[in-house]
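**Q** There's a structure below that I have some questions on.
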Amino acid sequence: MTTSPAQAPAPTDTPGGRPRVVIVGSGFGGLFAAQALKKAPVEVTLIGKTAQHLFQPLLYQVATGILSEGEIAPATREILRRQKNARVVLGEVTDIDVAGRTVTSEILGRQTVHPYDELIVAAGAGQSYFGNDHFAEFAPGMKSIDDALELRGRIFGAFELAEIAKDPAEVDRLLTFVVVGAGPTGVEMAGQIAELARRTLRRDFRNINPTGARIILLDAAPAVLPSFGEKLGDAARRQLNEIGVDVQLGAMVTGVDADGLEVKDSDGTVRRIQAATKIWAAGVQASGLGRILGEQTGADVDRAGRISVQPDLTLPGHPEIHVVGDMMALGKLPGVAQVAIQGGRYAAEAIERRATGKKPQEPFEYFDKGSMATISRFSAVADIWKFKFSGFIAWVLWLVVHLMYIVGFKSRVTTVLHWMVSFLGRGRSERVATQQQVYGRLALEQLGPRWEVSKTGGPKDVDPAGEDVTERDSA
Ligand SMILES: Cc1cc2nc3c(=O)[nH]c(=O)nc-3n(C[C@H](O)[C@H](O)[C@H](O)COP(=O)(O)OP(=O)(O)OC[C@H]3O[C@@H](n4cnc5c(N)ncnc54)[C@H](O)[C@@H]3O)c2cc1C
């Protein structure tokens, strides 16, 4: 199937009557679509819930004190400052009127209605607690800068509290860190906490021995990094064990509270782990905008909130609505950055062709560039085309690829410097954690239902069966 011609567009007040393209989301899909429209005869409005473009793959390095938040989240406005046909609007899109061709965004109670001729929706996915949103209070996810900074405060704070604790059981609880989910995010997070405890902090305390910290990586599935296959999954597990991570598989989390977790093993045994710091890296739920679009267009929305798109990434009967990235469902495409980037560029190309009277493109084809995940410094796994690497070579590949995709020269330079501090030396330059970061979530709870909707970084779970829609191969 190819991109069909748009129906008669609504009257436009742009210079020369150029089509108005509204893009929802400043993540990989939205930003790369906006940039790809640089030379197109259109007027682009990019609406983002945050003022930054977030490079999610390195969030765990913000949480563990390697990088600053600015390095992985440059201002969208700055990135697009030279693109004359693009403007950036800060606001959360709360409604899309498909018949009237408008998008409504809201910030601090102020609503703005944006008419469009072409719409690209790239609102991504938030964390899923599989219907247990109350876990979020005790086990933050890894979806936003807020999450990463809160986790940084909790991780470094746990060592501080352990230093002054008197009761040995309390010290053990404070020095136990549990990461839920053995996909790439969980593996990277567990590996970094282990390195932090064993390398960076080992001489910093007088009453406790940080190298004795217990780092547990839990997953209900029987394998680590299942999407990488058995060979790389086993290699990752071995490397994790070598740096002292206790990998527990077939272990399903059934409860989370301030003091620890309740876990049910595959043989039915229920046990408890006392742990002050819990991190949720287990599942995602696509943006609620998928359901809004599904109700109006009849497109299917799956249990994880992803909306089915046609082979040209548009919705049935609506060639002007393009959905890309983590919130689209097309075949078995995984929720990874490359799917979003390539989808965003494809949608932009379709729009440019239509605006310039060219014939539509062929259906969207994803080019899989491979997947990788780091375990610790100098050690990673990589699955690139048919080649499988583990150890140092994979780590160098990981380094180069991630550096390439960090947006902006300044961020690249400072990231390299911070990596040298942490990987060649033992330091971490970003150990600042404020009380506001740690307690902000609890304070926001006071806002009531409005906060309830977004506290997981995405829509409230409507279906307790939410699954890991990303099926992410890489990290
Ligand atoms: C911790 C972590 C590590 C990852 N590591 C890797 C990796 O190593 N390699 C890889 O390929 N993939 C990785 N991924 C997955 C990858 O980041 C996603 O697949 C990719 O970001 C999806 O792009 P997107 O544009 O669909 O969504 P996102 O990049 O999530 O962007 C969505 C954007 O929409 C905005 N938004 C959401 N709702 C609204 C709304 N209602 N109104 C306005 N704006 C809204 C958000 O603020 C955000 O800017 C990782 C994901 C996470 C969470």
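Mind the numbering: the sequence shown is residues 48 to 522 in our numbering, read in order.
All C-beta atoms in this analysis are idealised placements derived from N, C-alpha and C, irrespective of residue type, glycine included.
With a threshold of 16 other CB atoms inside 10 Å of the CB of E235, please say whether the residue is buried or exposed.
**A** Residue 235 sits at position 188 when you count from the first residue of the sequence shown. The residue in question, E235, is buried, as its Cβ has 16 or more Cβ neighbours within 10 Å.
**Q** If you drop the 5 nearest sequence neighbours on each side, which residues of the same chain put their C-beta closer than 8 angstroms to that of M374?
**A** The sequence position of residue 374 within the sequence shown is 327, counting from 1. Excluding sequence neighbours, M374 sits near V168, A169, A170, G171, A172, A333, S334, L336, G337, G352, R353 and I354.
**Q** Using only alpha-carbon positions, find the residue among I113, L243, I70 and E139 that is nearest to A133.
**A** For the purposes of this step, residue 133 is identified with residue 86 of the sequence shown, where counting begins at 1. For A133, the nearest C-alpha among the options comes from I70.
**Q** Any idea which residues DSSP pairs A241 with across the strands?
**A** Taking the first residue of the sequence shown as 1, we reach residue 241 at position 194. Per DSSP, none; premise fails for A241.
**Q** Would you grab the beta carbon distance between I398 and L84 for me? Rounded to a whole angstrom, and I think it's under 8 angstroms.
**A** Here residue 398 refers to the residue found at position 351 of the sequence shown. Here residue 84 refers to the residue found at position 37 of the sequence shown. Sure, about 7 angstroms apart at Cβ, within 8 angstroms.
**Q** Count the other C-beta atoms from every protein chain shown that fall within 10 angstroms of the C-beta of G95, then say buried if there are 16 or more, exposed otherwise.
**A** For the purposes of this step, residue 95 is taken as residue 48 along the sequence shown, with counting starting at 1. Classification of G95: buried, given that the 10 Å Cβ count is 16 or more.
**Q** For R403, collect the residues of the same chain with a Cβ closer than 7 angstroms to its Cβ; drop the 5 residues on either side in sequence, then sort them by chain order.
**A** Stepping through the sequence shown from its first residue, residue 403 is reached at position 356. Looking at the sequence provided, one finds Thr at residue 403 rather than Arg. The residues are P88.
**Q** Can you tell me the Cβ-Cβ gap for R124 and T92, rounded? I've got them flagged as a contact below 8 angstroms.
**A** The residue you call residue 124 lines up with position 77 of the sequence shown. The residue you call residue 92 lines up with position 45 of the sequence shown. With 8 angstroms as the limit, R124 and T92 do not qualify as a contact, their Cβ atoms being about 13 angstroms apart.
**Q** Which first and last residues belong to the beta strand (DSSP E) in which S423 is found?
**A** Numbered from its first residue, the sequence shown carries residue 423 at position 376. From DSSP, the beta strand (DSSP E) with S423 extends over S418 to S423.
**Q** Kindly indicate which residue of K379, G417, F439 and L360 has the alpha-carbon position closest to the one of R392.
**A** The count along the sequence shown starts at 1 and reaches residue 392 at position 345. Nearest C-alpha to R392: L360.
**Q** Taking only three categories from DSSP, how would you classify I154?
**A** Looking up residue 154 in the sequence shown gives position 107. I154 falls in the strand class under three-state DSSP.
**Q** Given a threshold of 16 other Cβ atoms within 10 Å of its Cβ, counted over all protein chains shown, does K325 qualify as buried or as exposed?
**A** Position 278 of the sequence shown holds residue 325. When all chains shown are included, K325 counts as buried.
**Q** Candidates G230, R249 and G233: which alpha carbon is nearest L222's?
**A** Mapped onto the sequence shown, residue 222 falls at position 175. The residue with the shortest Cα to Cα distance from L222 is R249.
**Q** Given this structure, state the Cα-to-Cα distance separating T49 from A441, to the nearest angstrom.
**A** Translated into positions along the sequence shown, residue 49 becomes position 2. Translated into positions along the sequence shown, residue 441 becomes position 394. Because T49 sits at a pLDDT of 35, beneath the cut-off of 50, its placement in the model cannot be relied upon, and the following sentence gives the value as read from the coordinates. The straight-line gap from Cα to Cα measures roughly 38 angstroms.
**Q** How do the segment 192-199 and the segment 479-491 stand: do at least 3 beta-carbon pairs fall below 8 angstroms, yes or no?
**A** yes
**Q** According to DSSP, what are the bridge partners of M299?
**A** Position 252 of the sequence shown, counted from the start, is the residue given in the question as residue 299. Per DSSP, K311.
**Q** What residue ranges within the segment 306-386 form continuous beta strand (DSSP E) runs of no fewer than 3 residues, ordered along the chain?
**A** 307-312, 317-321, 324-327, 331-333 and 365-370
**Q** A328 and G230 - do their beta-carbons sit closer together than 8 angstroms?
**A** Counting from one through the sequence shown, the residue named residue 230 turns up at place 183. Counting from one through the sequence shown, the residue named residue 328 turns up at place 281. Against a cut-off of 8 angstroms, the Cβ pair of A328 and G230 comes out as a contact.
**Q** Could you tell me if H181 is buried or exposed, where buried requires 16 or more neighbouring beta carbons within 10 angstroms of its beta carbon?
**A** Reading the sequence shown from its first residue, position 134 is the one you call residue 181. Flag for H181 reads exposed.
**Q** Pull up the distance between the alpha-carbon of A120 and that of G390, whole angstroms please.
**A** Counting from 1 along the sequence shown, the entry for residue 120 is found at position 73. Counting from 1 along the sequence shown, the entry for residue 390 is found at position 343. Their Cα atoms are separated by approximately 21 angstroms.
**Q** Can you have a look at I154 and say buried or exposed, based on whether 16 or more other CB atoms are within 10 angstroms of its CB?
**A** To locate residue 154, count along the sequence shown from 1; it is residue 107. It counts as exposed.
**Q** Please tell me whether, using a cut-off of 7 angstroms, the distance from the CB of E118 to the nearest non-hydrogen atom of ligand 1 is below it.
**A** One-based indexing of the sequence shown puts residue 118 at position 71. No; taking the cut-off as 7 angstroms, the Cβ of E118 has no heavy atom of ligand 1 nearer than that.
**Q** Using the C-alpha atoms, what's the distance from P162 back to R148?
**A** Numbered from 1 along the sequence shown, position 101 holds the residue referred to as residue 148. Numbered from 1 along the sequence shown, position 115 holds the residue referred to as residue 162. Roughly 6 angstroms between the two C-alpha positions.
**Q** Determine, using beta-carbon pairs with one atom in the segment 445-464 and one in the segment 100-107, whether at least three such pairs fall under 8 angstroms.
**A** yes
**Q** Consider the C-beta atom of G77 and the heavy atoms of ligand 1; say whether any pair is separated by less than 7 angstroms.
**A** Taking the first residue of the sequence shown as 1, we reach residue 77 at position 30. Correct: G77 has its Cβ closer than 7 angstroms to ligand 1.
**Q** Would you decide whether M189 is buried or exposed? Buried here means 16 or more other CB atoms lie within 10 Å of its CB.
**A** Numbered from 1 along the sequence shown, position 142 holds the residue referred to as residue 189. Burial call: buried.
**Q** Comparing the CB of P231 with every heavy atom of ligand 1, is any distance shorter than 7 angstroms?
**A** Counting from one through the sequence shown, the residue named residue 231 turns up at place 184. Correct: P231 has its Cβ closer than 7 angstroms to ligand 1.
**Q** Excluding the five sequence neighbours on either side, which residues of its own chain have a C-beta within less than 6 angstroms of the C-beta of A270, listed in chain order?
**A** Locating residue 270 in the sequence shown gives position 223, where the first residue counts as 1. Cβ neighbours of A270 beyond the five flanking positions: G280.
**Q** Anyone know if the C-beta pair for V226 and A237 falls short of 8 angstroms?
**A** Working through the sequence shown from its first residue, we reach residue 226 at position 179. Working through the sequence shown from its first residue, we reach residue 237 at position 190. Yes, these two residues count as a Cβ contact at 8 angstroms.
**Q** Would the C-beta of M451 count as close to ligand 1, meaning under 7 angstroms from any of its heavy atoms?
**A** Numbered from its first residue, the sequence shown carries residue 451 at position 404. Result no, Cβ not under 7 angstroms from ligand 1.
**Q** Ligand 1 and Q103: does any heavy atom of the ligand fall closer than 7 angstroms to the residue's C-beta?
**A** Within the sequence shown, residue 103 is the residue found at index 56, counting from 1. At least one heavy atom of ligand 1 lies closer than 7 angstroms to the C-beta of Q103.
**Q** What residue range is occupied by the uninterrupted alpha helix (DSSP H) comprising L198?
**A** Taking the first residue of the sequence shown as 1, we reach residue 198 at position 151. From DSSP, the alpha helix (DSSP H) with L198 extends over I192 to I211.
**Q** Return yes when at least one heavy atom of ligand 1 lies under 7 angstroms from the C-beta of T97, else no.
**A** Position 50 of the sequence shown, counting from 1, holds the residue named residue 97. The answer is yes for T97.
**Q** From the DSSP secondary-structure annotation, give me the bridge partner or partners of R67.
**A** As a position in the sequence shown, residue 67 is number 20, starting the count at 1. According to DSSP, residue pairing for R67 in a beta bridge involves E90.
**Q** Which residue's Cα is closest to the Cα of D293: I240, V303, P366 and S437?
**A** Position 246 of the sequence shown holds residue 293. Cα-wise, what sits closest to D293 is I240.
**Q** Let me know the beta strand (DSSP E) ranges lying completely inside the segment 125-170, each 3 residues or longer, listed in chain order.
**A** 133-137, 139-144, 149-154, 157-162 and 165-168
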